[in-house]
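A short worksheet on the structure shown next.
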Amino acid sequence: MSINAFLRDLYKSATFPCVGFFFFDRPLLLIRDPELIKRILVSEFDYFEDRSVMYNEHDKYIRTNLFMLKQPAWRNLRTKVTSVFTASKLKNMVPLVLEAGDDMVNFMKLNCLGSEMTNCRSTTFKYAIDAISSCAFGLRVNSHENSDFAEAAKGIQGVTPLRVIQMAAHFFAPLLVKIFRLKFNDPKSCRYLAKIFLDTVKQREQLKTNRPDFIELMKKLQREEPDHFDDELLASLPLQFLVAGFETSGATIAYILYELSLNTSIQDRLRAEILAVLSKHETITYDAIQEMPYLDMVIKEALRKYPTLPFLDRECTKTYTIPNTNVVIQKGIAVYISLTALQHDENYFPDPMVFNPERFSAENKSTIVPYTYMPFGEGYKNCLGNVL
Numbered sequence: 294m295s296i297n298a299f300l301r302d303l304y305k306s307a308t309f310p311c312v313g314f315f316f317f318d319r320p321l322l323l324i325r326d327p328e329l330i331k332r333i334l335v336s337e338f339d340y341f342e343d344r345s346v347m348y349n350e351h352d353k354y355i356r357t358n359l360f361m362l363k364q365p366a367w368r369n370l371r372t373k374v375t376s377v378f379t380a381s382k383l384k385n386m387v388p389l390v391l392e393a394g395d396d397m398v399n400f401m402k403l404n405c406l407g408s409e410m411t412n413c414r415s416t417t418f419k420y421a422i423d424a425i426s427s428c429a430f431g432l433r434v435n436s437h438e439n440s441d442f443a444e445a446a447k448g449i450q451g452v453t454p455l456r457v458i459q460m461a462a463h464f465f466a467p468l469l470v471k472i473f474r475l476k477f478n479d480p481k482s483c484r485y486l487a488k489i490f491l492d493t494v495k496q497r498e499q500l501k502t503n504r505p506d507f508i509e510l511m512k513k514l515q516r517e518e519p520d521h522f523d524d525e526l527l528a529s530l531p532l533q534f535l536v537a538g539f540e541t542s543g544a545t546i547a548y549i550l551y552e553l554s555l556n557t558s559i560q561d562r563l564r565a566e567i568l569a570v571l572s573k574h575e576t577i578t579y580d581a582i583q584e585m586p587y588l589d590m591v592i593k594e595a596l597r598k599y600p601t602l603p604f605l606d607r608e609c610t611k612t613y614t615i616p617n618t619n620v621v622i623q624k625g626i627a628v629y630i631s632l633t634a635l636q637h638d639e640n641y642f643p644d645p646m647v648f649n650p651e652r653f654s655a656e657n658k659s660t661i662v663p664y665t666y667m668p669f670g671e672g673y674k675n676c677l678g679n680v681l
């Protein structure tokens, strides 16, 4: 049974706001109540400042990973990296994403039209790799041609029995990580991709070329703080975005395509909206996308039904008593929030397995109970992808 399935089933079997469980001899807590979730993620964040996932100082490619960094290092780096994700900077990267889309469309025209069956997941994963590699690594790799870059990207978190155990240990068995110096990501793939990034940076400096991508923004931060942004940190950041982005984005797009194929009325309405907006614009732009509310509704419903982040985790950083109870969470105890269970809970989302974008219409979205829909997390440690 997967961790996701275990937490989902535990949520369903309980009725209390929180429920305890053990992993080996380690006590853990699952939070079910939206009000308590709000306290942990936002209003009393200072009691739960860190994620419970193991911070491995021996793994140089995640030593500066925002997902794993502890306070105060997390806050310092998060503040600097957040400055990259502004609307004006994201607008400049849209043409790079469109190039990746063109490569995918050309591939599908040659290989998918007329076919009875298409592997959407493989195609959308490659598109996501292309879009992120263009924005973060400054490369147009065209993964549909089976490039070495794409294979390395997929290999970072390659799903093998050993890799699954290594990654799970970072969440639930930190002692094993320390003893065996386990790596969260595949070291060989990380080294290969980090070298590509640094080589690209060096080449641009020599040729004095510019491109509206992540490299230019990181170089600017490095010039401003050369002592803090060394090459190791510079290379680790695009790796983070690649790891965090290509599987989540690729999977979400694949699920949307799947649901549109099953729900032709939704497909027709979405297509009509996109065509109507594009008739007023020469091409897809950042501003044009803001004029597509139904597209936003479809994406949000896909993220509800198929959460790419199945659970949130936090570590109690100072002893906390749950208000109006005698339940005490000791410092060091990890707490979990099952997003899959919350977003499939019929008490919050009637007919949860029905794909219904109308849940997120202007008229209906105000009825969603706060802290029951959190595809990007909530609070100070929410995912940076929330602004994309």
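Offset between the sequence shown (1-based) and my numbering: plus 293. Just so you know, even glycine gets a beta-carbon here, dropped at the ideal spot from N, CA and C.
Check	Outcome
Through-space distance from Pro320 to Lys624, alpha-carbon basis	12 Å
Nearest to Val591 (by Cα), restricted to the options Ile630, Thr557, Ile577, Asp326	Thr557
As assigned by DSSP and simplified to three states, the class of Tyr548	helix
Under 8 Å between C-beta atoms of Phe522 and Gln515	yes
Where Phe315 falls, given that 16 or more other Cβ within 10 Å makes a residue buried	exposed
Nearest neighbour of Val494, chosen from Val536, Phe465, Met511, Asp326 [CA to CA]	Met511
Reference Tyr690; option with closest CA among Ala537, Pro600, Glu518	Because the chain here runs from 294 to 681, residue 690 falls outside it and cannot be looked at.
For Tyr354 and Asp524, the rounded distance between their alpha carbons	12 Å
Contact check, Leu563 vs Leu588, beta carbons under 8 Å	yes
Backbone secondary structure at Val494 - three-state DSSP	helix
Close beta carbons around Trp367, own chain, < 7 Å, minus the five adjacent residues each side	Leu359
Straight-line Cα distance separating Asp441 from Ile489	11 Å
Spatial distance of Pro388 from Lys598 (CA atoms)	30 Å
Contact check, Cys311 vs Arg332, beta carbons under 8 Å	no
Local Cβ density within 10 Å of Thr453, reported as buried at 16 or more and exposed below that	exposed
Between the CA atoms of Leu491 and Ser482 - distance to the nearest angstrom	14 Å
Which residues DSSP lists as bridging Leu321, in chain order	Phe314, Ala627
Three CB pairs or more closer than 8 Å across the segment 627-642 and the segment 572-581	no
DSSP state of Leu532 mapped onto helix, strand, coil	helix
Backbone secondary structure at Asp561 - three-state DSSP	helix
Continuous alpha helix (DSSP H) stretch holding Phe400: start and end	380-404
Cut-off 6 Å between Cβ atoms - residues of its own chain near Phe430, not counting five sequence neighbours on either side	Phe490, Pro531
Length of the line joining the Cα atoms of Arg474 and Asn349	8 Å
Status (buried if at least 16 other CB within 10 Å, exposed otherwise) for Met646	exposed
Continuous beta strand (DSSP E) stretch holding Arg652: start and end	No beta strand (DSSP E) holds Arg652; DSSP gives it neither H nor E.
Whole-Å CB distance - Asp606 paired with Ser345, under 8 Å assumed	4 Å
Sequence ranges, alpha helix (DSSP H) only - wholly within the segment 426-488, length at least 4	441-448, 454-465, 467-473
One or two residues paired with Thr614 in a DSSP bridge	Val621
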